[in-house]
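>
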Ligand SMILES: CC(C)(COP(=O)(O)OP(=O)(O)OC[C@H]1O[C@@H](n2cnc3c(N)ncnc32)[C@H](O)[C@@H]1OP(=O)(O)O)[C@@H](O)C(=O)NCCC(=O)NCCS
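Numbering (my numbering), first residue to last: 327 to 527.
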């Protein structure tokens, strides 16, 4: 049986854990942030905190089917972002991945790519998914670099609602080739800095 502590996925800079109520304030701030919304090809949330909390509680109580969300924390427990997989298809054996590092102090320092690799490892270990894919804006170079570091490759181009997206995918086999390299990087030096301050690569 999988317990909640099994759901904590530890890395060297970050750990992934199930979403919880305490995340609501950060999630609300990030959802209202115009730059973060633009990077995700969406509009900033215009709900009041009370309205946002109401939908938030519902999702925590009854998560959407085929959608699994994790908080991204530094090793000392600072909530810096979220990641998830969704649209999990048993038939097509695939799922889509999404990620947000909401705290800009942690951009470009390897936190995002480590979270992506940890989530990929978890998906391929615990499901029968054969392929994980995502869409990212064609000008979001930081995101594309981060995804590439975890084995994603460009598979196509899509237009939706006036936005140009790149479709990136990683197959189970491609991940398995990447995984030993990633596991070795986790073992290369013990733990991370526990100061809570963003550390360089
Ligand atoms: C996208 C995101 C998850 C990446 O996480 P991150 O921790 O910032 O990224 P990483 O440091 O792991 O990797 C980013 C890489 O891109 C590189 N990079 C960043 N901007 C770049 C640019 N303009 N040109 C070239 N390389 C760039 C970084 O140097 C780094 O590569 P390196 O490790 O080889 O030096 C995070 O920045 C984020 O959540 N941003 C806001 C929301 C978003 O864009 N979400 C993705 C939607 S699909």
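The beta carbon of each residue, even a glycine, is placed where N, CA and C say it ideally should be.
Nothing here was measured: the structure is a model prediction, and the numbers come from that model.
Quick one: residues in its chain with C-beta nearer than 6 Å to the C-beta of residue 501, no 5 flanking neighbours on either side, listed in chain order?
Numbered from 1 along the chain shown, position 175 holds the residue referred to as residue 501. Closer than 6 Å at the Cβ level, and outside the excluded window around residue 501, lie 446, 450, 477.
> In the structure shown, what three-state DSSP assignment does residue 496 receive?
As a first step, residue 496 is located in the chain shown; it is residue number 170 there, counting from the start. Residue 496 falls in the strand class under three-state DSSP.
> Any heavy atom of ligand 1 closer than 7 Å to the Cβ of residue 363?
In the chain shown, the residue the question calls residue 363 occupies position 37. No.
> Ligand 1 and residue 478: does the residue's C-beta get closer than 7 Å to at least one heavy atom of that ligand?
Here residue 478 corresponds to residue number 152 of the chain shown, with the count starting at 1. Checking every heavy atom of ligand 1 against the Cβ of residue 478, none is found closer than 7 Å.
> If contact is defined by three or more beta carbon pairs under 8 Å, each pair taking one atom from either stretch, is the stretch 413-430 in contact with the stretch 374-388?
Flag = no, the stretch 374-388 and the stretch 413-430 do not touch.
> Looking only at C-alpha atoms, which of 409, 404, 339, 442 sits nearest to residue 505?
Residue 505 sits at position 179 when you count from the first residue of the chain shown. Minimum Cα distance to residue 505 is reached at 442.
> Cutting at 7 Å between CB atoms, please list the residues of its own chain near residue 456, excluding the five before and the five after it.
Against the chain shown, residue 456 aligns to sequence position 130. So the list reads 419, 420, 497, 498, once near-sequence residues are dropped.
> Which of the three DSSP states is assigned to residue 357 in this structure?
One-based indexing of the chain shown puts residue 357 at position 31. In this structure, residue 357 counts as helix in the three-state DSSP scheme.
> How would you label residue 384, buried or exposed, when you count the other beta carbons within 10 angstroms and need 16 or more for buried?
As a first step, residue 384 is located in the chain shown; it is residue number 58 there, counting from the start. It counts as exposed.
> Alpha carbon to alpha carbon, how far is residue 397 from residue 493?
Locating residue 397 in the chain shown gives position 71, counting from the first residue. Locating residue 493 in the chain shown gives position 167, counting from the first residue. Near 24 Å, if we compare the C-alpha coordinates of residue 493 and residue 397.
> Is it the case that the Cβ atoms of residue 382 and residue 350 are separated by a distance below 8 Å?
Counting from 1 along the chain shown, the entry for residue 382 is found at position 56. Counting from 1 along the chain shown, the entry for residue 350 is found at position 24. In this structure, residue 350 lies closer than 8 Å to residue 382 by Cβ.
> Using the rule of at least 16 other Cβ atoms within 10 Å of the residue's Cβ for burial, across every protein chain shown, is residue 392 buried or exposed?
Here residue 392 refers to the residue found at position 66 when the chain shown is read from its first residue. Exposed, because fewer than 16 other Cβ atoms sit within 10 Å of the Cβ of residue 392.
> Between residue 364 and residue 503, what straight-line distance do the alpha-carbon atoms span, to the nearest angstrom?
In the chain shown, residue 364 corresponds to position 38, counting from 1. In the chain shown, residue 503 corresponds to position 177, counting from 1. Spanning the two alpha carbons is a distance of roughly 33 Å.
> Considering only residues of the same chain and omitting the five flanking positions on each side of residue 466, which have a CB-CB separation below 7 Å?
Your numbering for residue 466 matches position 140 in the chain shown. These residues qualify, in order along the chain: 365.
> Could you tell me if the beta carbon of residue 557 falls within a distance shorter than 7 Å of some heavy atom in ligand 1?
Residue coverage of the chain in this structure runs from 327 to 527, which leaves residue 557 outside it and unanswerable.
> Within its chain, find whatever has a CB closer than 6 Å to the CB of residue 429; leave out the 5 residues flanking it on each side and keep chain order.
The sequence position of residue 429 within the chain shown is 103, counting from 1. Counting only Cβ-Cβ distances below 6 Å, and skipping sequence neighbours, we find 406.
> Considering just the uninterrupted stretch of the alpha helix (DSSP H) at residue 387, what are its terminal residues?
By one-based count along the chain shown, residue 387 stands at place 61. Per DSSP, residue 387 belongs to the alpha helix (DSSP H) from 375-387.
> Would you call residue 408 buried or exposed, if buried means 16 or more other Cβ atoms sit within 10 Å of its Cβ?
Position 82 of the chain shown, counting from 1, holds the residue named residue 408. Residue 408 is buried by the Cβ-count criterion.
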